[in-house]
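Residue numbers for the sequence shown follow this note's numbering, so the first one is 23 and each next one is one higher.
All C-beta atoms, glycine included, are put in the ideal place defined by N, C-alpha and C.
Note that the structure is predicted; figures quoted are calculated from it, not measured.
A short worksheet on the structure shown next.
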Amino acid sequence: LTGAIAEYEHLLDDRRRILGSDHPDTLTTRSDLAAFRGKRRDLTGAIAEYEHLLDDQRRILGNDHPQTLTNRGNLAYLRGESGDLSGAITEYEHLLDDRRRILGDDHPDTLNNRGNLAAFRGENGDPAGAIAEYQRLLDDCRRILGGDHPDTLNTRGNIANWRGHSGDLTGAIAE
23 LTGAIAEYEH LLDDRRRILG SDHPDTLTTR SDLAAFRGKR RDLTGAIAEY
73 EHLLDDQRRI LGNDHPQTLT NRGNLAYLRG ESGDLSGAIT EYEHLLDDRR
123 RILGDDHPDT LNNRGNLAAF RGENGDPAGA IAEYQRLLDD CRRILGGDHP
173 DTLNTRGNIA NWRGHSGDLT GAIAE
């Protein structure tokens, strides 16, 4: 990953020089660089890069642009991974409102947002909230994706996991 980060840093310098800081390809390179920092577990660096990138994406592309929405989700996820569970939950809640408005309730990104929100609620000490959100998500996954879709099955597994964490071993096993 260190080599990839170095390559992206060189590419970013070249894209800024050739295309300019506001070019969509330059913004994409910054997003890729932030993602690799996150994969390397440089959460502080990745969060800082996403925060600066999002300021520019909102200014250049707008708050409703798909890439802006995606990077808001990436930032929320990294906040949660870094231990800022409340920050992650708050960002996912705001992002969910925007994704529903822009993409609709049945869009895969909206469904994924709901799953991440449920997970961080559980991690933040609210297993009942996680189970409730996952149950609503499961109903929609079955309706939209079908009962055999991997995302539907993963949601069932998450319900079982949080039931087990909350002490409902019978419910966890039944799921």
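Item to check | Alpha carbon of arginine 39 to alpha carbon of arginine 63, nearest angstrom | outcome: Within the sequence shown, numbered from 1, the residue matching residue 39 stands at position 17. Within the sequence shown, numbered from 1, the residue matching residue 63 stands at position 41. Those two C-alpha atoms are separated by around 28 Å.
Item to check | 8 Å contact criterion, which leucine 111 and asparagine 134 should meet: CB distance rounded | outcome: Here residue 111 refers to the residue found at position 89 of the sequence shown. Here residue 134 refers to the residue found at position 112 of the sequence shown. The question names leucine, but residue 111 in the sequence shown is isoleucine. Actually they do not touch by this definition, with Cβ atoms about 15 Å apart.
Checklist entry - Short check: CB of leucine 41 to CB of aspartate 47, under 8 Å? => result Counted from its first residue, the sequence shown places residue 41 at position 19. Counted from its first residue, the sequence shown places residue 47 at position 25. At the C-beta level, leucine 41 and aspartate 47 come within 8 Å of one another.
Item to check | Between the CA atoms of tyrosine 99 and alanine 57 - distance to the nearest angstrom | outcome: Working through the sequence shown from its first residue, we reach residue 57 at position 35. Working through the sequence shown from its first residue, we reach residue 99 at position 77. Whole-angstrom Cα-Cα distance: 11 Å.
Item to check | Assigned exposure category for glutamate 29 - 16 Cβ within 10 Å defines buried | outcome: Translated into positions along the sequence shown, residue 29 becomes position 7. Burial call: exposed.
Checklist entry - In chain order, which alpha helix (DSSP H) runs of at least 4 residues are fully inside the stretch 98 to 139? => result 107 to 124
Checklist entry - Do aspartate 86 and isoleucine 124 have their C-beta atoms within less than 8 Å of each other? => result Mapped onto the sequence shown, residue 86 falls at position 64. Mapped onto the sequence shown, residue 124 falls at position 102. It is a contact, given that the beta carbons lie within the stated cut-off.
Checklist entry - How is the alpha helix (DSSP H) around asparagine 180 delimited, first residue to last? => result Position 158 of the sequence shown, counted from the start, is the residue given in the question as residue 180. Unbroken alpha helix (DSSP H) run through asparagine 180: 172 to 187.
Next on the checklist: Going by DSSP, what residue range makes up the alpha helix (DSSP H) through leucine 41?
Outcome noted: On the sequence shown, residue 41 is found 19 positions in, with the first residue counted as 1. Unbroken run through leucine 41: none, as it is neither H nor E.
Next on the checklist: Just verifying my parser: in three-state terms, what is the DSSP assignment at arginine 87?
Outcome noted: Position 65 of the sequence shown holds residue 87. It should be pointed out that residue 87 corresponds to histidine in this sequence rather than to arginine. Of the three classes helix, strand and coil, the one that applies to histidine 87 here is coil, per DSSP.
Item to check | Neighbourhood of leucine 76 by C-beta distance below 8 Å, restricted to the same chain and skipping five residues each side | outcome: By 1-based counting over the sequence shown, the position of residue 76 is 54. For leucine 76, where only same-chain residues beyond five positions count, the Cβ hits under 8 Å are Thr90, Asn93, Arg94 and Leu97.
Checklist entry - When the Cα atoms are used, what is the spatial distance from aspartate 127 to alanine 140? => result Translated into the one-based positions of the sequence shown, residue 127 becomes position 105. Translated into the one-based positions of the sequence shown, residue 140 becomes position 118. So the alpha carbons of these two residues sit roughly 16 Å apart.
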